[in-house]
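Trainee: Here the protein sequences line up with chains G and U, keeping their order. Going by our numbering, the first residue of the first sequence is number 82, and it counts up by one from there. Going by our numbering, the first residue of the second sequence is number 17, and it counts up by one from there. Note that beta-carbon positions come from the ideal geometry of N, C-alpha and C, so glycine has one too.
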Amino acid sequence: MRLIEVRGAATETRRQRQAHALTLIVAAVVLLYGLNLRQSTLEAVVPYVNIQAGITAFYPQNWLLDTAPDYVFRVRDMTRRGYKTTIQLSVQPVSDDTSGRNIADRLALTRARTFTGYSVLAVEPYPLRDGFSAQAVSYTYVSQESSPFLQGIPVVVVGLDIITISRGQALVITFRADAATYRQELPRFEQFLQALEF
Amino acid sequence: MSLNTRLLTPPREEEEIYPYRRVWRSLIIENGTVAAAAVALFVAFGFLGLRLPTVALLPVNLLLAALPAALWLVFSWLPEARVPEPRAYLMRVFALSLLVASAFALPLIENVLRPETWLSLESAVNRIIGYTVTVGIVQETLKYLVLRYALPPEALRIRLDGVAYGAAIAVGFTTLFALDYVSRHPDAAPDAVIMRVLALLAMHLGGSLIMGYGVAETRLGEATLILLPVTLLVAAALHGVAIPLRSGLMNAQLSLDGGITRPLLALGFALVLLAAPQVVMSFFYRAAERRAEDVVRGQE
């Protein structure tokens, strides 16, 4: 086989320049498509309807849903290592003179007894949506693996409770995540709140 | 009367000197050594139960991560000095690929794209597409940019220059990603590290050979406009297919009987992934050379 060698042509032809330009355009378009695909997958949601509690929610796709007597429903991101990012929704009957602050204080008292290192960071008003005022309670605690055989290292968890009262019911919407990923995960909770109907 | 003389031996033809380093030979030696090291460590640690003291793990793992680069230096870069027509920009391309992988590819993949957070539970097809249009396209575009802008046009003289420079970029990317893996898992077993190195080398080399073909053919041949974008997409798709397939083969399957990882399948897959693109691309390079040869013959 002979060796085909090209020498001396230090400049590119027009076709070569066009090919390079086209390659950059294709790369940019494909990357944009990839970013769009990523965003749409991350924001993909699954509907959850509970007629009895009067709640319609859209929780992140692929999160694990479970229900229990303590809450209406809970979804967790089981792909997370360590603490599973959680969104939980519970409903409590309240009297007419109960305020969101009362519920927040009661929750703080209960949790201080059950959570290790529970500490309230802030209690502040939260603009939930038109016509609904809410209290936002941010807190932190230390979570340990329930099974001692897993020998997991305790994780610092940051939580956020959004408490609102509607038609004699207090709605407590809870978001909890590993402190290291809390900020990163918070937009998913805000997306959940925006789509929540009750 | 004519004297009919015949020589007992035919006259010796002057041997034609090949002026370039033979890149396929270098590649076979380098990749064969990495593959042999992977198989040897897999047998030693996986089957014979060899264990290293904890203090030795990090140095050994660092050496394994740097193995492709060391082999490339010995079998590709150093021999260039001994040939009449050396490839002068190999070290520049290698160093630049390390920097580009460190400054752009790794941060983009680990901090921005983070495919494991949104692709791990998707279907196989979605994962292939997802990895292709994110991880694959980012890495191959960066490699293409290195090939395009680190090399002056006259640096590509023969098509196999695309292989040589592509391999240099692949080794740069592999080394950086392998070092990143070791930095995050300093106590990993050496057989796991070498398997990761082998898989990285296979993916990056395959992609780089395809990309190098596109760049060389565009520069030296009569390639159509779409050849270069197509090679970019094919190279990206190689990552898109290889990443989920490897993890699917290696990871334990969820079943009621329990599951264990299957490193033997992953090793086999990495070996095939290392060899197959080289065989296929050598065919493409040879076919392109033949076409060019026919054109030259026709002109003569």
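#1: Closer than 7 angstroms, Cβ to any Cβ of chain B: which residues of the stretch 109-122 of chain G, in chain order?
#2: Using beta carbons (cut-off 7 angstroms, strictly below), is V107(G) in contact with chain U?
#3: Can you list the residues of chain G that L248(U) reaches, using a CB-CB cut of under 8 angstroms?
#4: Report the rounded CA-to-CA distance for V154(U) versus K165(G), giving the unit in angstroms.
#5: Out of H255(U), G65(U) and D196(U), which has the shortest C-alpha to C-alpha gap to Y147(U)?
#6: If you compare alpha carbons, which of Q275(G), L209(G) and T221(G) is closest to I246(G)?
#7: When the Cα atoms are used, what is the spatial distance from F193(U) to R175(U)?
#8: Just checking: is the beta-carbon of L225(U) within a distance shorter than 7 angstroms of some beta-carbon in chain G?
#9: May I have the straight-line CA-CA distance separating I33(U) from L112(G), to the nearest angstrom?
#10: Starting from the beta carbon of G146(U), find every residue of chain G whose beta carbon is closer than 9 angstroms, and list them in chain order.
#11: Per DSSP, which residues does Y222(G) bridge with? Please list them.
#12: Note down, in chain order, all residues in the stretch 115-139 of chain U with a beta-carbon under 9 angstroms from any beta-carbon belonging to chain G.
#13: In whole angstroms, what is the alpha-carbon distance linking D259(G) and L89(U)?
#14: Would you call the stretch 80-98 of chain U and the stretch 195-202 of chain U touching, i.e. three or more CB-CB distances under 8 angstroms?
#15: With C-beta atoms as the reference, is Q104(G) less than 7 angstroms away from L244(U)?
#16: Here's the rule: buried if 16 or more other CB atoms are within 10 angstroms of the residue's CB, otherwise exposed. What is M297(U)?
#17: Taking only three categories from DSSP, how would you classify S247(G)?
#18: For chain G, find out if any of its Cβ atoms is closer than 7 angstroms to the Cβ of I153(U); answer yes or no.
#19: Measure the CB-CB distance between R264(G) and V238(G) and report whether it falls below 7 angstroms.
#20: Would you say L241(U) reaches chain G, if we count a Cβ-Cβ gap shorter than 7 angstroms as a contact?
#21: Counting only beta-carbon atoms, is A100(G) nearer than 7 angstroms to chain U?
#22: Is the stretch 168-187 of chain U touching the stretch 224-240 of chain U in the sense that three or more CB pairs, one from each, lie closer than 8 angstroms?
#23: Report buried or exposed for M107(U), applying the criterion of at least 16 other Cβ atoms within 10 angstroms of its Cβ.
#24: Per the DSSP calculation, R257(G) is bridged to which residue(s)?
#25: By DSSP's criteria, I136(G) is part of a beta bridge. Which residues make up the other side?
#26: I'd like to know whether the C-beta atoms of T190(U) and L216(U) end up nearer to each other than 7 angstroms.
#27: Cβ-heavy atom distance between A102(G) and the ligand HEM below 6 angstroms?
#28: According to DSSP, is L106(U) helix, strand or coil?
#29: With DSSP as the reference, please indicate the residues paired to Q216(G) in a beta bridge.
#30: So if I threshold CB-CB distances at 8 angstroms, which residues from the stretch 164-190 of chain G count as touching chain U?
#31: Quick check: the Cα distance between R95(G) and A85(U), rounded to an integer number of angstroms?
#32: Run through chain G and tell me which residues come within less than 7 angstroms of L265(U), C-beta to C-beta.
#33: Taking just the CA atoms, how far does A218(U) sit from Y165(U)?
#34: Between F273(G) and F139(G), which are expected to be in contact by the criterion C-beta below 8 angstroms, what is the C-beta distance as a whole number of angstroms?
#35: What are the residues of the stretch 67-93 of chain U that lie near chain G, defined by any Cβ-Cβ distance shorter than 8 angstroms?
#36: Assign F154(G) to one of three DSSP states: helix, strand, or coil.
Mentor: Once the coordinates are examined:
#1: Absent from the structure: chain B. Protein chains present are G and U.
#2: Stepping through the first sequence from its first residue, residue 107(G) is reached at position 26. It does; some Cβ of chain U falls within 7 angstroms.
#3: As a working note, residue 248(U) is residue 232 in the second sequence. The answer, in chain order, is T104, V107 and A108.
#4: Residue numbering aside, residue 154(U) sits at position 138 when the second sequence is read from its first letter. Residue numbering aside, residue 165(G) sits at position 84 when the first sequence is read from its first letter. If you take the alpha carbons of V154(U) and K165(G), they lie about 30 angstroms apart.
#5: On the second sequence, position 131 is the one that residue 147(U) refers to. Ranking the options by Cα distance to Y147(U), first place goes to H255(U).
#6: Counting from one through the first sequence, the residue named residue 246(G) turns up at place 165. For I246(G), the nearest C-alpha among the options comes from L209(G).
#7: In the second sequence, counting from the first residue as 1, residue 193(U) sits at position 177. In the second sequence, counting from the first residue as 1, residue 175(U) sits at position 159. So the two alpha carbons sit approximately 28 angstroms from each other.
#8: As a position in the second sequence, residue 225(U) is number 209, starting the count at 1. Cβ-Cβ to chain G under 7 angstroms: no for L225(U).
#9: In the second sequence, residue 33(U) corresponds to position 17, counting from 1. In the first sequence, residue 112(G) corresponds to position 31, counting from 1. Each residue's Cα considered, the two are about 45 angstroms apart.
#10: As a working mapping, residue 146(U) is identified with position 130 in the second sequence. Per Cβ cutoff of 9 angstroms: G115, L118, R119 and T122.
#11: For the purposes of this step, residue 222(G) is identified with residue 141 of the first sequence, where counting begins at 1. BP columns for Y222(G) point to V238(G).
#12: V128, L129, R130, P131, E132, T133, W134, L135, S136, L137 and E138
#13: Stepping through the first sequence from its first residue, residue 259(G) is reached at position 178. Stepping through the second sequence from its first residue, residue 89(U) is reached at position 73. Cα-Cα distance, rounded: 44 angstroms.
#14: yes
#15: One-based indexing of the first sequence puts residue 104(G) at position 23. One-based indexing of the second sequence puts residue 244(U) at position 228. Per the sequence presented here, residue 104(G) reads as Thr, with Gln not at that position. Yes, Cβ-Cβ distance for T104(G) and L244(U) is below 7 angstroms.
#16: The sequence position of residue 297(U) within the second sequence is 281, counting from 1. Buried, since its Cβ has 16 or more Cβ neighbours within 10 Å.
#17: Translated into positions along the first sequence, residue 247(G) becomes position 166. DSSP places S247(G) in strand when its eight states are reduced to three.
#18: In the second sequence, the residue the question calls residue 153(U) occupies position 137. It does; some Cβ of chain G falls within 7 angstroms.
#19: Numbered from 1 along the first sequence, position 183 holds the residue referred to as residue 264(G). Numbered from 1 along the first sequence, position 157 holds the residue referred to as residue 238(G). In this structure, V238(G) does not lie closer than 7 angstroms to R264(G) by Cβ.
#20: To locate residue 241(U), count along the second sequence from 1; it is residue 225. Closer than 7 angstroms: yes.
#21: Here residue 100(G) refers to the residue found at position 19 of the first sequence. Interface residue, yes.
#22: yes
#23: In the second sequence, the residue the question calls residue 107(U) occupies position 91. Per the 10 Å Cβ criterion, exposed.
#24: On the first sequence, position 176 is the one that residue 257(G) refers to. In DSSP, R257(G) forms a bridge with T167(G) and G240(G).
#25: As a first step, residue 136(G) is located in the first sequence; it is residue number 55 there, counting from the start. In DSSP, I136(G) forms a bridge with N131(G).
#26: Mapped onto the second sequence, residue 190(U) falls at position 174. Mapped onto the second sequence, residue 216(U) falls at position 200. Cβ distance < 7 angstroms, so T190(U) and L216(U) count as in contact.
#27: With respect to the ligand HEM, the structure offers nothing, as it holds no ligand at all.
#28: Translated into the one-based positions of the second sequence, residue 106(U) becomes position 90. L106(U) falls in the helix class under three-state DSSP.
#29: As a position in the first sequence, residue 216(G) is number 135, starting the count at 1. Partner(s): P206(G) and I244(G).
#30: none
#31: Your numbering for residue 95(G) matches position 14 in the first sequence. Your numbering for residue 85(U) matches position 69 in the second sequence. Their backbone Cα atoms lie some 37 angstroms apart in a straight line.
#32: Against the second sequence, residue 265(U) aligns to sequence position 249. Going along chain G, no residue has its Cβ under 7 angstroms from L265(U), so there is no contact; the nearest lies around 20 angstroms.
#33: Here residue 165(U) refers to the residue found at position 149 of the second sequence. Here residue 218(U) refers to the residue found at position 202 of the second sequence. C-alpha separation (whole angstroms): 24 angstroms.
#34: By 1-based counting over the first sequence, the position of residue 273(G) is 192. By 1-based counting over the first sequence, the position of residue 139(G) is 58. Right, the Cβ-Cβ distance comes to about 7 angstroms (below 8 angstroms), so this counts as a contact.
#35: none
#36: Indexing the first sequence from 1 puts residue 154(G) at position 73. The answer is strand: DSSP assigns F154(G) an E or B state.
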